[in-house]
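Its first residue numbered 82, the sequence shown is counted upward by one per residue in this note's numbering.
Here a beta-carbon is modelled for each residue, glycine too, at the ideal position from N, C-alpha and C.
Quick caveat: nothing in here was measured; it's all calculated off a predicted structure.
To keep things clear, I will list the structure first and then write my remarks on it.
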Amino acid sequence: HFCIYAVVPLFLMSFVTDYGKVLRYWCRFAVAIGILFLADPVLKYPWSGGYMPFGFNHMLPAFFGAAMLVFYERKRWPIVLLLAFFVELLIYANKGATLTAAAFLVVLYILFGLGRTTVVRMHQVRKRTKVILAAALIVLVLFMPAVNILGMILDYFGISSYALNSIRYGGLERIVNLRTDIWVDVWQKFMENPLLGTGIGTYQAAAKVYAHNVFLEVLNASGLIALAFFIGELGSSIRMMLDSIKKKGI
């Protein structure tokens, strides 16, 4: 998996001269794949293999592609697909994929808004951030009632949703406790070899569950040295994004 999803893509990307064109082609390709997989959960995941790969491997990239077309390229035709992809994530995928989609949507809205221009101006960014914070407070208040209502609607139509049911019947506190228990266990495994880690995939193979935290995953798998490189690359990417935003307009 490391070679397929990391080494090979990085090698191929090293030959790219126009990343903007690659992004445009990728968005359309991701949307096309998402359309093909819309029926997958209704048919009991015969193509993806389950709700987890359906969410992360197929529907989430499709949502990203549609969102970029709507917010960055200002296309209108993917709006319906964007909504359809999010509904599929919410009902048929895992919670992490849905939260990632929502976070990505928030970032795009804060940066580009809903106007005709994609020029980023900081006073508009600050204004949109205030709108998002106000909306977040409303969501926190209405979250559980909304989940229960949506769950009852799905029950009425005979639709089962793993993500929504786990929240309805388990509660947010139980979900958080499960995560923290896993994180403590991952940390203890990491301390057995903090410099180089325990090896890629070893924790998931032994515990039959993944870390649910990318930083702990890197730390446990490859140690402190790899985490330092990972954070450095992440920081570099964020710096490049901010520099690009500043060049387009303040």
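Assuming residue i is part of the alpha helix (DSSP H), what are its boundary residues?
| i | result |
| --- | --- |
| Met-149 | 141–152 |
| Cys-108 | 100–117 |
| Ile-85 | Taken as a continuous stretch (DSSP letters only), Ile-85 belongs to no alpha helix (DSSP H), as it is neither H nor E. |
| Asp-236 | 203–237 |
| Phe-167 | 160–173 |
| Leu-288 | Reading off the sequence, residue 288 comes out as Ala, not Leu. Where Ala-288 is concerned, the enclosing alpha helix (DSSP H) stretches over 283–288. |
Smallest Cα separation from residue i: which of the options?
| i | options | result |
| --- | --- | --- |
| Leu-231 | Leu-245, Gly-252, Ala-165 | Leu-245 |
| Met-140 | Met-149, Leu-150, Ser-129 | Ser-129 |
| Phe-145 | Met-133, Pro-134, Gly-131, Leu-162 | Leu-162 |
| Leu-305 | Pro-90, Gly-280, Tyr-106 | Gly-280 |
| Ile-116 | Pro-134, Phe-152, Arg-202, Pro-159 | Pro-159 |
| Ser-241 | Gln-285, Ile-172, Met-203, Lys-270 | Ile-172 |
Could you give the DSSP three-state label for residue i: helix, strand or coil?
| i | result |
| --- | --- |
| Leu-91 | helix |
| Gln-181 | Note that residue 181 corresponds to Thr in the displayed sequence, not to Gln. Here Thr-181 sits in helix by DSSP. |
| Ile-248 | helix |
| Tyr-126 | coil |
| Tyr-243 | helix |
| Thr-261 | helix |
| Ile-331 | Residue placement at Ile-331 cannot be trusted, given a pLDDT of 43 that sits under 50; what the coordinates show is reported in the next sentence. Looking at Ile-331 - three-state DSSP - the assignment turns out to be coil, as it is neither helix nor strand. |
Quick check: does the Cβ of residue i come within less than 6 Å of any heavy atom belonging to the ligand NAP?
| i | result |
| --- | --- |
| Val-89 | Ligands in the displayed structure: none, and consequently the ligand NAP is not present. |
Give a yes or no on whether 7 Å exceeds the smallest Cβ distance from residue i to chain B.
| i | result |
| --- | --- |
| Ile-319 | Protein chain content of the structure displayed is limited to a single chain, and chain B is not contained in it. |
Report yes or no: do three or more beta-carbon pairs, one from the stretch 280–291 and one from the stretch 308–319, lie closer than 8 Å?
no
The stretch 236–243 contacting the stretch 258–268, beta-carbon criterion three pairs below 8 Å:
no
Between the stretch 146–155 and the stretch 100–108, can you find at least three pairs of beta-carbon atoms closer than 8 Å?
yes
Answer yes if the stretch 163–182 comes into contact with the stretch 212–221, meaning at least three C-beta pairs across the two stretches below 8 Å, and no otherwise.
no
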